[in-house]
Each structure stands twice: as structure tokens, then as C-alpha cells.
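This report refers to the structure that appears directly beneath it.
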Amino acid sequence: MKEITLAPLPYADDALAPVISAKTVSFHYGKHHAGYVKTLNGLIAGIETYEGRSLESIICSSHDLNDTAIYNNAAQIWNHDFYWRSLAPAGKGGEPSAELLAAINASFGSLDACKTALADAAVKRFGSGWAWLLKKGGKLVVESTPNADTPFGKPGVTPLLVIDVWEHAYYLDWQNARAAYVKAVVDGHLNWSFASSRFA
Ligand code: FE2
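The sequence shown begins at 0 in numbering that gives the first Met the number 0 and counts up one residue at a time.
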């Protein structure tokens, strides 16, 4: 049977330090993200609707069928894979493309205002969840989702960047200082090259 696999990290586990330490990555990627993969494979084993399907197909089907445990684990795998690719080592995240920057300016007024909106959504997300920069219809928006919820598969929505604000993302390095973690990520570790390629 074809199982869902854990995508490799796009960089070394210490590449985001000190903002996100190798120790945090070892737990976040090596235990949490890997755990969702293992759990999902167990949940879908022998179920024709899901077994052998792509992760994207599993997310959409489990959402429509209200298979909450399968949806939660599948969405968390997608969100985490997207999170690792939304981040980059310091100085390696590039800049928004001219096209993306024009859309940012049209929707938020400036890149700084866009970053502030994203950080604000991340800080204000109550409990566990995610803060997203999305292309939605013709414009860019910032939204947050609770727990495992993902914008993946929503009609007309293209995720561009995400920040994980589950405590497992920052507690080892920042303890309760979510706002400081978010600011450090937004200021120094967003992968604008990735966002630009998604936008295109
Ligand atoms: Fe996470």
C-alpha cells in the first residue's frame, strides 16, 4: 500500500536558529509532524475512501465526510509541510517578486503593513492555530485558522505563507512569548521567494 510520507525538511535542523532552535525542530518536525503522518497512516489503513490516495484528496474527502480525526491529521501534515517551506534561514528568504509586491501594496498599502497584519493575526489567534497570507479572489488577505484547520482546498484560495502558533512551535525557545517568536519569524525568516512562486 502507498503510504503518506513525511516530506524532508528543506534545510538543516539548525538552519533557523536561534529563532527556531534545532531542539525545537527536532520535536516539531521529528515528533509532532512525523506523528501526524504515522497517525494518519494508521487511521486510513484499510479504508477504501482514503488508503492509497494523495494527501490533498484525503483532506478534501475527510472534510466533506466529517471524518474529523482523519481530517485533523491530514490537514496538520499539509500545514506543517507548508510551514517549513514558508520559512527560510536568515538572509535566504529573498524578496517578494515585483508582481507579489504590487499585490501586497494594493491590498495592504505596504510590505511592512502586510507583515504587521500577519504578525497581528498570529498573535491574536486564540489557542492553537495558524496565521496565513492568502491570495483570495483577486486580492491578498491575512487570516488565521484554529487547531488543524487549513485553507487548502477552499475554492479560489491560494495559501502563500503560514506561521504556526501552536505552542509546540515556539515554547522551547520563547516560552509564553508568542509575540516575540512571531516578530522574529516575520522580520527574519519568511520565505518571500516561496510566496512569490506560489503567487505566480
Ligand atoms: Fe506545529
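Note that CB positions come from ideal geometry on N, CA and C, so glycine has one too.
Nothing here was measured: the structure is a model prediction, and the numbers come from that model.
- Listed as beta-bridge partners of residue 143 by DSSP are 130.
- DSSP, read as helix, strand or coil, puts residue 161 in strand.
- The Cβ atoms of residue 109 and residue 139 do not sit closer than 8 Å to each other.
- When the five nearest sequence neighbours on each side are left out, the beta carbons in the same chain lying within less than 7 Å of the beta carbon of residue 42 are those of 68, 69, 72, in order along the chain.
- Here residue 89 has 187 as same chain residues with Cβ atoms under 6 Å from its own Cβ, once five neighbours each way along the sequence are excluded.
- Residue environment analysis places residue 75 among the buried positions, since at least 16 neighbouring C-beta atoms fall within 10 angstroms of its C-beta.
- In the assembly as shown, residue 158 is a buried residue. Its beta-carbon has 16 or more other beta-carbons within 10 Å.
- DSSP places residue 1 in the coil class of the three-state scheme, outside both helix and strand.
- In the pairwise beta carbon analysis, the stretch 158-173 is classified as touching the stretch 11-31: at least three pairs are separated by under 8 Å.
- Secondary structure note for residue 84: its alpha helix (DSSP H) is the uninterrupted segment 67-85.
- Residue 189 sits in a strand when the DSSP states are folded into three classes.
- Judged by pairs of C-beta atoms under 8 Å, the stretch 3-20 touches the stretch 32-40, as three or more such pairs exist.
- Around the ligand FE2, the residues whose beta-carbon falls short of 7 Å from at least one of its heavy atoms are 27, 31, 32, 79, 82, 163, 165, 167, 168, given in chain order.
- Comparing alpha carbon positions, the residue from 36, 19, 82 closest to residue 149 is 82.
- CA-to-CA, the gap between residue 124 and residue 48 works out to about 33 Å.
- Within the model, the alpha-carbon separation for residue 141 versus residue 38 is close to 30 Å.
- Per DSSP, the continuous alpha helix (DSSP H) segment holding residue 169 begins and ends at 166-173.
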